[in-house]
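Encoded as structure tokens, the structure appears first; notes follow it.
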Amino acid sequence: MTCQQIKRQFEAVSDPAADICTRMQVESHLSECPGCAHAFTELHELDESLHSILRRGSRTPALWNPIEAMISEEAKLSAPEGRRKEDPDLTPWQLLRLAAERWLAATSLSARAAWGCLAATWIVILLLNMTSHTSDIQPGTAAAIASNSEAGVPATRQHLMAVEVAAFSEPVESPRDDRPGPRTQLTMERRSA
Amino acid sequence: MHNNGSDHATRFLALLRPIERDLETYCRRLIWQPDEAADAIQNAVLRAYKAFDRYREEARFRAWMFKILTREAFALNRKHARISFHEVQVDRDALSGFAGDDIHAFAEELEAEVSAALRRLTDTERAVLLLRAIGGLSYKEIADNLDIPLGSVMGSLARARSKMQTMLKRKTCSKESCI
Chain F
1 MTCQQIKRQF EAVSDPAADI CTRMQVESHL SECPGCAHAF TELHELDESL
51 HSILRRGSRT PALWNPIEAM ISEEAKLSAP EGRRKEDPDL TPWQLLRLAA
101 ERWLAATSLS ARAAWGCLAA TWIVILLLNM TSHTSDIQPG TAAAIASNSE
151 AGVPATRQHL MAVEVAAFSE PVESPRDDRP GPRTQLTMER RSA
Chain Y
1001 MHNNGSDHAT RFLALLRPIE RDLETYCRRL IWQPDEAADA IQNAVLRAYK
1051 AFDRYREEAR FRAWMFKILT REAFALNRKH ARISFHEVQV DRDALSGFAG
1101 DDIHAFAEEL EAEVSAALRR LTDTERAVLL LRAIGGLSYK EIADNLDIPL
1151 GSVMGSLARA RSKMQTMLKR KTCSKESCI
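In order, the protein sequences belong to chains F and Y.
Residues 1 to 193 (the working numbering) make up the first sequence, in order.
Residues 1001 to 1179 (the working numbering) make up the second sequence, in order.
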């Protein structure tokens, strides 16, 4: 290697994780070439003095102590959240609440957007569920609910039965037969049994 | 579960404490507005704590923290226009009239000279020099830290060192000629 090539390798040799072969090549050249050895010593001395000045500084307790306290506080706050996350019996409403809490706790815009989307999705799912339940009750089933309430069947149970009846029954406006279809009849019999 | 949360924080703080001084020194030298150093450090540490789940053991914690802090400092620096030459010049003029017989005063003057010279480097040159000098990172870690190729790290470091040498020499020469 020429002196110019060796000087270009000075930077590589300054790296603590430098390639051992390059380091050995440079070191062997420096032991033979006084000019390069002098240039390398100058560079090394400049680095040492610059680094020693730049490294001068201190830890400010007024800055670090509140930061450390904040992290400890954050750890305490995150503990109950972790417990809830592992609970397998979370209802959709609890999940929605958790999402809202996470959204409020998130500092970055992207995290807020992500949690916001999750919360919005849950709201849509819940609303769709609610609307599908109410629309499932057909006008024709009101009479069945009335007759069941006379027989003492609880209202929620009646609602479920009504939904099931509506799902399995033939269309109400069918002109062929006013009687309930065979599947509806079967269900009604199963329910009354 | 509560123990897990506090263990997490304890582990994070145990890794953070030994490098707090270096992080602070690095940030104070890297940031343009000195009063924003505390904000940058606080934001970086909290960001690092939140991302600590994703921290991989094979990466050095020191290099990982310096990376987060560098990004925070660069983001704050981008908000401000580069400090004008005039402002640096005023500092240098004020320093030239300083009595230099006291060793502490001399050290302070030298420190101010180096800080002034440091401010005239580009963001990348300054960051590379500081990551090497204060962070003690390898070139590969610096390249990863700043998202630049390894060759650019060596180039930036050589340029930064050369500029610092020229600026400090010029100042020393001008002082000697004054005397």
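Each residue gets a CB set at the ideal place from its N, CA and C atoms; glycine is no exception.
For F:Arg56, the neighbours in chain Y by C-beta distance under 8 angstroms run, in chain order, Thr1025 and Glu1111.
Neighbourhood of Y:Met1164 in chain F, by CB distance below 7 angstroms: Leu50, in chain order.
Within the same chain, and ignoring the five residues on either side of F:Ala99 in sequence, the residues whose Cβ sits closer than 6 angstroms to its Cβ are Trp115, Leu118 and Ala119. Y:Pro1149 carries a coil assignment under DSSP once its states are collapsed to helix, strand and coil. In terms of beta-carbon proximity, F:Trp64 lines the interface with chain Y, with at least one pair separated by less than 7 angstroms. Contact annotation, F:Cys36 with F:Lys7: C-beta distance approximately 7 angstroms; criterion of less than 8 angstroms satisfied. In chain order, Ala1040, Asn1043 and Ala1044 place their CB closer than 6 angstroms to the CB of Y:Glu1072, counting only its own chain and leaving out the 5 sequence neighbours on each side. Closest by C-alpha distance to Y:Ala1059, out of Y:Pro1018, Y:Asn1145 and Y:Lys1079, is Y:Asn1145. Collapsing the DSSP output to three states places F:Met1 in coil. Within chain Y, the residues whose beta carbon sits less than 8 angstroms from that of F:Ile67 are Ile1041, Gln1042, Val1045 and Leu1046, listed in sequence order.
Note that the region 1148-1162 of chain Y does not touch the region 68-76 of chain F; fewer than 3 beta-carbon pairs, one per stretch, sit closer than 8 angstroms. Boundaries of the alpha helix (DSSP H) around F:Phe10: Phe10 to Ser14.
With 16 or more other CB atoms across the displayed protein chains lying within 10 angstroms of its CB, F:Leu50 is buried. The beta carbon of Y:Ile1031 is closer than 8 angstroms to those of Ala1037, Ala1040, Ala1073, Leu1076 and Asn1077 in its chain, skipping five residues each way along the sequence. Taking 7 angstroms as the threshold, the shortest C-beta distance from Y:Glu1020 to chain F falls below it. Residue environment: Y:Val1128 is assigned as buried (16 or more neighbouring CB atoms within 10 Å of its CB, all protein chains considered). Proximity of Y:Tyr1055 to chain F, defined by a Cβ-Cβ separation below 7 angstroms, is not satisfied.
Taken through DSSP and simplified to helix, strand or coil, F:Thr91 comes out as coil.
Contact check for F:Arg55 against Y:Glu1020 fails: the beta carbons are separated by 7 angstroms or more. At a beta-carbon threshold of 8 angstroms, none of the residues of chain Y lie near F:Arg23; the nearest stands roughly 13 angstroms away. In the three-state reduction of the DSSP assignment, Y:Asp1022 falls in the helix class, which pools H, G and I. No Cβ-Cβ contact shorter than 7 angstroms links F:Asp15 with Y:Ser1006. Within the same chain, no Cβ atom closer than 6 angstroms to the Cβ of Y:Glu1108 is found once the five residues on either side in sequence are excluded.
Burial state of F:Ala62 is exposed, judged by a 10 Å Cβ sphere holding fewer than 16 other Cβ atoms.
Ranking Y:Thr1122, Y:Asp1035 and Y:Ala1009 by CA distance to the CA of Y:Phe1052 puts Y:Ala1009 first. Burial state of Y:Lys1067 is buried, judged by a 10 Å Cβ sphere holding 16 or more other Cβ atoms. Across the structure, Y:Lys1050 and F:Ala75 are spaced so that their CA atoms are roughly 10 angstroms apart.
A residue is called buried once 16 or more other Cβ atoms fall within 10 Å of its Cβ, and F:Ser28, having fewer, is exposed. Boundaries of the alpha helix (DSSP H) around F:Arg23: Ile20 to Glu32. The distance from the Cβ of Y:Arg1028 to that of Y:Leu1118 is about 11 angstroms, inconsistent with a contact at the 8 angstroms cut-off. Under the DSSP assignment, Y:Trp1064 falls in the alpha helix (DSSP H) whose first and last residues are Phe1061 to Lys1079. In this structure, Y:Ser1156 sits near Y:Glu1125, with a CB-CB distance shorter than 7 angstroms.
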